[in-house]
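Under the UniProt record's numbering, the first residue of the sequence shown is numbered 1, with each subsequent residue one higher. Beta carbons are placed, not taken as given, at the ideal position from N, Cα and C, and that holds for glycine.
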Amino acid sequence: MNVLTFFNHAGGVGKSSSVRDIGFTLGQLGYRVLLIDADPQANLTDWLGVRAIERDGERREIELDDTLYPAVLGDDNEDLTLPEPIRVHGMDLIPGHLDVATIEPMLPGQLMGVLRLKEALKPLASRYDFVLIDPPPSLGQLSALAVIAADHVVVPVPASGKGLKGLQTANVMLSRFQKANPSLKLSLILVTQYNDTTNHSRESLSQMRAQFGHLAPISSPLTYRPALYPDSQLHGAPLPEFARRNPVSEEIMNVTRQLLDAIGVKPQGRPA
């Protein structure tokens, strides 16, 4: 089982949509995928079209106990385990919820607190090939929890000046997280929001490769599509499903295969 956290302390970089779309593509390639929405904003959950839980013919609102909360701050008299996930678009999902934010002030007081998600994932090793975690865009406890739980970190970075500055900070923070998890590896810099019609975007990508290419592989860019991404979010569908014939689907497939190569996993073929 490979655990990947998509981390960037800055918001609006394409993090949640990348988790959604790459997770879906891994599922299409035949892998067993679990997504964990560790962000109180719960964008990943919403953008997968999950607004409630339906089980045994009943429908109810998502509650805190449906999230990663029980695995991190559950009853100390019980084993700290993740709840049963939701099945959506060929993947399993531990949904997000606004009240996940309550973990932030409480986690520092817990014994081995930032390691609890990492421990909770261990029993799932035979159940999944990939776990993709979407933390909040911050440098707080939830982000630390998510990054330290990972084997690999993917940093989504817009092809812009803002993206370059954010990448510098993210790299500094990763070096600190590695003190708690020495095996943690920055495995891919994921280029997002690329616009090849502007000099700024092209020059930013060139600088990214020159300044940070020694840290990790840099992906081929995901093109900025200001209409398509919001439309897919509104419909609660991964882009490769929402716009199958659009070039974006091939871009996401290429990036997914680059990610597999970066972490040393031989890609499976497309399903029949």
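Separation of residue j from residue i, as counted between CA atoms
{"i": "D92", "j": "R257", "result": "21 Å"}
{"i": "L164", "j": "V13", "result": "11 Å"}
{"i": "P123", "j": "P182", "result": "21 Å"}
{"i": "N195", "j": "R55", "result": "43 Å"}
{"i": "T81", "j": "S204", "result": "42 Å"}
{"i": "T198", "j": "A146", "result": "35 Å"}
{"i": "I94", "j": "S160", "result": "32 Å"}
{"i": "A150", "j": "L35", "result": "13 Å"}
{"i": "P267", "j": "D129", "result": "12 Å"}
{"i": "G30", "j": "E119", "result": "26 Å"}
{"i": "Q110", "j": "H97", "result": "21 Å"}
{"i": "V191", "j": "N2", "result": "21 Å"}
{"i": "S249", "j": "L64", "result": "33 Å"}
{"i": "A180", "j": "H9", "result": "18 Å"}
{"i": "V255", "j": "I22", "result": "8 Å"}
{"i": "residue 276", "j": "R59", "result": "Lying before the first or after the last residue shown, residue 276 is absent from the chain, which here runs from 1 to 272."}
{"i": "A227", "j": "S206", "result": "26 Å"}
{"i": "L73", "j": "A243", "result": "39 Å"}
{"i": "M112", "j": "R245", "result": "47 Å"}
{"i": "V50", "j": "E84", "result": "15 Å"}
{"i": "R127", "j": "G166", "result": "35 Å"}
{"i": "D66", "j": "G57", "result": "17 Å"}
Own chain residues within Cβ distance below 8 Å of residue i, not counting five before or after
{"i": "P247", "result": "T223"}
{"i": "L215", "result": "N171, L186 and I189"}
{"i": "S220", "result": "V191, E251, N254, V255 and Q258"}
Coarse secondary structure for residue i, derived from DSSP in three states
{"i": "I252", "result": "helix"}
{"i": "K122", "result": "helix"}
{"i": "M106", "result": "helix"}
{"i": "L188", "result": "strand"}
{"i": "I62", "result": "coil"}
{"i": "R225", "result": "coil"}
{"i": "I263", "result": "coil"}
{"i": "L115", "result": "helix"}
{"i": "Y128", "result": "coil"}
{"i": "H152", "result": "strand"}
{"i": "F6", "result": "strand"}
{"i": "L174", "result": "helix"}
{"i": "D79", "result": "coil"}
{"i": "M1", "result": "coil"}
{"i": "L68", "result": "coil"}
{"i": "L93", "result": "strand"}
{"i": "V157", "result": "strand"}
{"i": "A272", "result": "Note that A272 scores 36 on pLDDT, short of 50, meaning its location in the model is unreliable and no value can be drawn from it."}
Own chain residues within Cβ distance below 7 Å of residue i, not counting five before or after
{"i": "R20", "result": "L44, W47, L48 and P238"}
{"i": "E104", "result": "G140, Q141 and L142"}
Residues near residue i by beta carbon distance below 6 Å, same chain, minus five either side
{"i": "L259", "result": "L188"}
{"i": "A101", "result": "P40"}
{"i": "G27", "result": "V33, G90 and M91"}
{"i": "Q233", "result": "W47"}
{"i": "A262", "result": "S187, L188 and P217"}
{"i": "V265", "result": "none"}
{"i": "P271", "result": "Bear in mind that the predicted position of P271 carries a pLDDT of just 47, short of 50, making it too unreliable to give a figure here."}
Pick from the options that is closest to residue i, judged by C-alpha positions
{"i": "F7", "options": "P158, V33, E251 and Q28", "result": "P158"}
{"i": "P217", "options": "A150, L68, V155 and Y31", "result": "V155"}
{"i": "L142", "options": "L4, P221, F242 and L68", "result": "L68"}
{"i": "D37", "options": "T192, E250 and P137", "result": "P137"}
{"i": "F212", "options": "R245, Q168 and S160", "result": "Q168"}
{"i": "H200", "options": "K162, H97 and A150", "result": "K162"}
{"i": "E241", "options": "S17, G11, G140 and V114", "result": "S17"}
{"i": "I62", "options": "P230, D99, G140 and Y31", "result": "D99"}
{"i": "Q178", "options": "A227, P230, H152 and D134", "result": "H152"}
{"i": "I133", "options": "L121, E58 and G166", "result": "L121"}
{"i": "G140", "options": "V50, L174 and V265", "result": "L174"}
{"i": "R225", "options": "L117, Q193 and Q207", "result": "Q193"}
{"i": "P70", "options": "L117, I148 and A144", "result": "L117"}
{"i": "V114", "options": "A144, R176, M106 and R127", "result": "A144"}
{"i": "V131", "options": "G11, F24 and Y229", "result": "F24"}
Near the ligand MG: residue i beta-carbon under 8 Å from a heavy atom
{"i": "D92", "result": "For the structure depicted, the ligand MG is absent and the ligand set is empty, with no information on it obtainable."}
Quiz item: Along the chain, which unbroken stretches of the beta strand (DSSP E) at least 3 residues long are found entirely within the segment 27 to 56?
Solution: 33 to 37 and 53 to 55
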